[in-house]
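Take a look at the structure below.
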Amino acid sequence: MSEIVFVAKESDPNEPRVAGSVESVKKLTSLGFEVVVEGGAGLTSRILDAEYERAGARIGTAKDAKSADVVLKVRRPTAGEIKGYKAGALVIAIMDPYGNEEALASMAKAGVTAFAMELMPRITRAQSMDVLSSQANLAGYQAVIDAAYEYDRALPMMMTAAGTVPAAKVFVMGAGVAGLQAIATARRLGAMVSATDVRPAAKEQVASLGAKFIAVEDEEFKAAETAGGYAKEMSKEYQAKQAALVADHISKQDIVITTALIPGRPAPRLVTREMLHSMKPGSVVVDLAVERGGNVEGVEAGKVTEVAGVKVVGHLNVPGRIAASASALYAKNLVTFLETMVSKETKALAVNMEDELVKATALTHGGAVVHPAFGGRNEGEK
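Start counting the sequence shown at 338; every next residue gets the next number (the working numbering).
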């Protein structure tokens, strides 16, 4: 009898994404799995049950999770959902493990092997499984779309018989995956774009997208460029000079997008109330780090607020605002990872707990929390 993969419907009403696409169902079926999709799981990502059925899945209910060998989700399962899984099942999701030790303990107690997709190592072999990149890429794009929606002027320069509309000035803070996509999207829409990042290596990437890099490029900055592309702790003097430059730059911008996130830690404060007050009324600031407390002082999670006439956008789950695309990429990340745990010889699940991808992402196994970052020792003790 073939092993069963269950694609769950998300129980969080604020999560429109789904852990299975038509393409991923076809792939799972070709790997020898029986695929069961919970009825209605894909509706908010524009995938009908009938499409899953045509791809080879059976439409089921939440009770089908009990017989599943693998459960695929977007968000970490609730305590109630975990009770419906069988011991030994693989549960793969974005687990948000930091500060959620109680949830990890309940998954360990249930005997499931839980994997956190966001802990995937950033190595060549795992690029196609990197959910942080796939989802941040879309968040960067959507941040610009949200900013354009809130901004009551056009973004590109327009020369018309009735006069000229100047191009909007967009400043992106943080040139990681989300920031680079935000730069590219704002440029495509015709804005004048600038960006900053604490990593000197980002300067070249920003310039390659046609944006201006904003940083105090003194001797200390140049020395930091040799640090292998990673963020290096700069001196207090440098930080003060950089903060003054950024504050002055922000006062001249129409749109600011902040993207700085550090896994497991509160988001760094990049934009103060004072900076918001220096901006022109009608300007827009989009904070992509709101889930971790926000980069912008005074941002409110899940709301668009006004500070001194400046709109501060704090949408939650930004990739979920573009759910159909986000689900397609996330489902591909999941199935590519799951494929590494399928034996080529037997076509059955064969999890190697010593594999580098498994070691990096496995939170619980054999009744214990096994991830060293969360108190585990990679042991299967009961």
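Cβ coordinates follow ideal geometry from the N, Cα and C atoms, glycine included. If you're wondering where the values come from, they're calculated on a predicted model, not measured in any experiment.
Taking a C-beta distance under 8 Å as the contact criterion, Ser-465 and Thr-673 qualify as a contact pair. If the five residues before and after Ala-387 are omitted, its C-beta is found closer than 8 Å to no C-beta atom of its own chain. Counting of Cβ neighbours within 10 angstroms places Glu-375 among the buried residues, the total reaching 16 or more. Taking the Cα of Val-608 as reference, the smallest distance to any Cα among Ala-626, Asp-591, Asn-632 is reached at Asn-632. In the structure shown, Phe-558 adopts helical secondary structure according to DSSP, grouped into three states. Looking at the DSSP output, Glu-390 bridges to nothing. Rounded to the nearest whole angstrom, the C-alpha separation of Ala-581 and Ala-552 is 10 Å. Distance between Gln-542 and Met-678, taken at the CA atoms: about 35 Å.
Apart from the 5 residues on each side of it in sequence, Tyr-575 sits with its Cβ closer than 8 Å to the Cβ of Val-553, Asp-555, Glu-557, Phe-558 in its chain, given in chain order. Assignment of His-702 by DSSP, reduced to helix, strand and coil, places it in the strand class. The alpha helix (DSSP H) runs of length 4 or more contained entirely in the region 605–632 are, from start to end of the chain, 610–615. Counting along the chain, the unbroken alpha helix (DSSP H) around Met-444 starts and ends at 438–446.
Assignment of beta strand (DSSP E) within the region 629–672, counting only whole runs of 3 or more residues, yields 641–644, 647–650 in chain order. Counting only runs of at least 4 residues, the region 410–485 fully encloses the following alpha helix (DSSP H) elements, listed from N- to C-terminal order: 416–420, 438–446.
Excluding its 5 nearest sequence neighbours in each direction, Ala-399 has C-beta neighbours in its own chain below 7 Å: Glu-375, Gly-421, listed in chain order.
Residue state for Thr-595 is assigned as strand, using DSSP reduced to three classes. Counting only the Cα atoms, Leu-526 lies some 21 Å from Ala-498. Between the beta-carbon of Val-408 and that of Phe-343 there is about 5 Å, and that keeps the pair under the 8 Å contact cut.
The alpha-carbon separation between Glu-611 and Arg-629 amounts to approximately 21 Å. C-alpha of Ala-484 to C-alpha of Gly-417: approximately 38 Å in a straight line.
Looking at the backbone, the Cα of Ala-561 and that of Ala-538 are separated by about 9 Å. Counting along the chain, Gly-500 sits inside no alpha helix (DSSP H); it lies in the beta strand (DSSP E) bounded by residues 500–502. Our two residues, Leu-666 and Ile-659, have alpha carbons roughly 11 Å apart in a direct line.
If you look at Val-530, you'll find it in the beta strand (DSSP E) that goes 529–533. Here the alpha carbon of Tyr-389 sits roughly 35 Å from the alpha carbon of Ala-705. A Cβ-Cβ contact shorter than 8 Å links Val-373 with Gly-397. For Ile-384, the three-state secondary structure derived from DSSP is coil. According to the DSSP assignment, Thr-522 belongs to the alpha helix (DSSP H) that extends over 514–525. Secondary structure of Val-583 (DSSP, three-state): helix.
Relative to Val-583, the option among Ala-392, Ser-620, Leu-598, Thr-533 whose CA is nearest is Thr-533.
Straight-line measurement puts the Cα of Val-507 at about 27 Å from the Cα of Lys-573. Contact annotation: Leu-492 and Ala-521 have beta-carbon atoms that are not nearer than 8 Å. In the same chain as Leu-653, and ignoring 5 residues on each side of it, the C-beta atoms closer than 8 Å to its own belong to Asn-351, Val-627, Glu-628, Ala-638, Gly-639, in chain order. Gln-472 and Met-454 have their C-alpha atoms some 11 Å from each other. For Lys-506, the uninterrupted beta strand (DSSP E) run begins and ends at 506–510, by DSSP. Looking only at Asp-591, Asn-437, Ala-424, the smallest Cα-Cα distance to Pro-503 is reached by Asp-591.
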